Amino acid sequence: MTGPRTSRTAELGRRLAHGNGRLLESPSRWFDVPTLGALAVRIAVPAVALIFYGLLLARAPQFIYAAPVAWLTAVWRLSDSSATPPPLPDPPSGDEYAGQIVRVDKVVKSPEGVMCTVHVIREEVNGS
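Each residue of the sequence shown is one higher than the last, beginning at 1390 in our numbering.
And the structure:
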């Protein structure tokens, strides 16, 4: 009976650790914004929330128990939303172009090696 329970506990621990890592990593990306106004908003919102929570604790100290619950909820939701996406489908082979099979005449690469041009053999069809 200890086997399934242990693996369930280990999975719970891994999930919480993953979410905790994501939650602690995200503030560094939070301040990477393009404008000064967006940065001011991103600093002001958590600051106002902390001031509000501090004033709330001064009036009702029992709300100190809300902090761990909020943290665990955030960690759990982050671990759930940051799951590994499914693998991408296999890319088309060199013989497939726009869903049709074509014959490739030659492939020319640019001098920088950044771009390549695929020359296909066209098959002419008379419209009669």
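Note that beta-carbon positions come from the ideal geometry of N, C-alpha and C, so glycine has one too. Remember, predicted model here, so these are calculated numbers, not experimental data.
Should residue i be flagged as near chain B, meaning a C-beta pair shorter than 9 Å?
i     : result
S1468 : The chain inventory of the structure shown lacks chain B, comprising one protein chain alone.
When you compare only the Cα positions, how much space is there between residue i and residue j?
i     : j     : result
G1377 : A1463 : Residue 1377 lies beyond the residue range present for the chain, which begins at 1390 and ends at 1517; the question has no answer from this structure.
H1508 : K1495 : 5 Å
D1421 : P1478 : 32 Å
I1440 : V1430 : 15 Å
L1412 : L1467 : 7 Å
R1418 : A1455 : 26 Å
G1539 : P1435 : What is shown of the chain runs 1390 to 1517, which leaves residue 1539 out entirely.
E1512 : P1475 : 38 Å
For the alpha helix (DSSP H) that contains residue i, what are its first and last residues?
i     : result
L1422 : In the sequence on display, residue 1422 carries Val and not Leu. Run containing V1422: none; DSSP gives neither H nor E here.
Which residues share a DSSP beta bridge with residue i?
i     : result
R1492 : I1510
V1497 : T1506
Could you tell me how far apart the beta carbons of residue i and residue j are, in whole angstroms, since I believe they sit closer than 8 Å?
i     : j     : result
V1497 : T1506 : 5 Å
G1408 : W1465 : 6 Å
F1452 : L1444 : Not quite, the Cβ-Cβ distance comes to about 11 Å (not below 8 Å), so this is no contact.
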